[in-house]
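**Student:** In my numbering, the protein residues as written are 377 to 504.
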Amino acid sequence: MLRKIEAIIRSDSLEVVKEALRDIGVLGLNVFEVRGHGRQGGVPVSWRGISHTMDLIPKVQINVVLADQDLERTVDAITQAAKTGREGDGIIFISTIDDVVRVRTGERGAQAVTYIIDGPERNQRPPR
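#1: Answer yes if the region 427 to 442 comes into contact with the region 377 to 395, meaning at least three C-beta pairs across the two stretches below 8 Å, and no otherwise.
#2: Can you have a look at residue 504 and say buried or exposed, based on whether 16 or more other CB atoms are within 10 angstroms of its CB?
#3: In angstroms, rounded to a whole number, what distance separates the CA positions of residue 473 and residue 431?
#4: So, helix, strand or coil for residue 485, using DSSP?
#5: Classify residue 387 as helix, strand or coil using the three-state DSSP reduction.
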């Protein structure tokens, strides 16, 4: 089974999360700049003496598609790297993917998204 992780985190946590994913062998990911809010609702800001609430807070969204057996390890890596203990640390959505096709090779399913954590080099750090 294939899974998709959509992690919405603080922008300043991105580099730490990318490093944590590299450390466990996850090489493929997409990153998007997004805006939104969760439980915190927004943040108060003041500009030229005028105060208001910024309710669409800049965040980043990281998408990773991987084999089911790598799900918990990847979620743990993201959670540990992104956690500050403050409101607004982020949220992780996990969904099922029906199929994946690698355009270059035609590989389908788990073969198309195999990362180092899936192969014989499982415990080796990937090159940068």
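Backbone N, C-alpha and C fix where the C-beta goes; we use that ideal spot for every residue, glycine too.
**Tutor:** Per the coordinate set shown:
#1: yes
#2: With a pLDDT of 48 at residue 504, under the threshold of 50, the predicted position of this residue should be treated as unreliable, though the coordinate-derived value follows. The residue in question, residue 504, is exposed, as its Cβ has fewer than 16 Cβ neighbours within 10 Å.
#3: 31 Å
#4: helix
#5: helix
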